[in-house]
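Down below is the structure, laid out as structure tokens.
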Amino acid sequence: MESSEVEAFTAMQAVYSALADEVSTREPRNARARIDAHFRELYERTGARSFDLRAGGVKRGTYSVRVSGATERRRLRMVDEAAYLAWARANGLTRETVDERAVQALMDETGEVPDGVEVEIAREPEAYEGGSVRLTAETRELAARAVRGGAVAGLLEGGERWRP
Numbered sequence: 015m016e017s018s019e020v021e022a023f024t025a026m027q028a029v030y031s032a033l034a035d036e037v038s039t040r041e042p043r044n045a046r047a048r049i050d051a052h053f054r055e056l057y058e059r060t061g062a063r064s065f066d067l068r069a070g071g072v073k074r075g076t077y078s079v080r081v082s083g084a085t086e087r088r089r090l091r092m093v094d095e096a097a098y099l100a101w102a103r104a105n106g107l108t109r110e111t112v113d114e115r116a117v118q119a120l121m122d123e124t125g126e127v128p129d130g131v132e133v134e135i136a137r138e139p140e141a142y143e144g145g146s147v148r149l150t151a152e153t154r155e156l157a158a159r160a161v162r163g164g165a166v167a168g169l170l171e172g173g174e175r176w177r178p
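Be aware that the sequence shown starts at 15, since it is given in our numbering, and climbs by one per residue.
Written out as structure tokens, the structure reads:
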């Protein structure tokens, strides 16, 4: 193997590592974090979930927003503790205290609301969970050709041969 091939690989690996740090979703202040914040703000303002990624006026990919689905949760609000405890005992749902999971399971199965409580519905709207980037095949091929063609050659030698 020629030393020029090792040098080219070393430069590619250095570029890969540097770029990986900038696009990682685990780094709170990198380029990816700033892009995620930008598209989150657009999603929250407009409700749009898909955005074109453009470079030089050409669509190079898509940023897609991931959101959690809207949820609805029932919660019991105590209005008469004595009535609630009597109902739980009558339905075999007590030990020393009321088995809340068993109460919920019985309510889910039968639809019966225990005595002494009211049902509250807590609604959570959909929420931003992150984003994903999908580059076009042409964009990936252009980048691969640039790397294979030596666009990063000389980068570790002070950049004299750097060709962006």
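C-beta: ideal position from N, C-alpha, C; glycine also.
The model shown is predicted, which means the values in this text are computed figures rather than measured ones.
Short Cβ contact (8 Å threshold) for residue i with residue j
i, j, result
"M92", "G144", "no"
"F53", "V37", "no"
"G75", "L67", "yes"
"Y57", "R63", "yes"
"V133", "R88", "yes"
"E41", "D35", "yes"
"G22", "G163", "This sequence places Ala at residue 22; Gly is not what is there. Not closer than 8 Å, so no."
"E138", "T85", "yes"
Contacting residues, own chain, Cβ-Cβ under 6 Å from residue i (five flanking each side not counted)
i, result
"P178", "The predicted position of P178 is uncertain, since its pLDDT is 40 and thus under 50; a value taken from the coordinates is nonetheless stated next. Nothing meets the Cβ criterion."
"A116", "L107"
Among the options, the one whose alpha carbon lies nearest that of residue i
i, options, result
"Y77", "D122, R46 and P139", "R46"
"A157", "V29, P128, P139 and G83", "V29"
"V127", "T153, E138, L149 and A97", "A97"
"L149", "M15, E55, M26 and V72", "V72"
"V147", "F65, E55 and R103", "F65"
Cut-off 8 Å between Cβ atoms - residues of its own chain near residue i, not counting five sequence neighbours on either side
i, result
"G173", "Because the pLDDT of G173 is 49, which lies under 50, any placement of that residue in the model is unreliable, and the question is left without a value."
"G70", "none"
"S31", "none"
Own chain partners of residue i with C-beta closer than 7 Å, once the 5 adjacent residues on each side are dropped
i, result
"A141", "V81 and S82"
Just list the beta strand (DSSP E) runs in the stretch 60 to 146, keeping only unbroken ones of 3 residues or longer that don't cross its boundaries, in chain order. 64 to 69, 72 to 82, 85 to 92 and 131 to 138
Validate contact between the stretch 118 to 127 and the stretch 80 to 87 using beta carbons, cut 8 Å, 3 pairs: no
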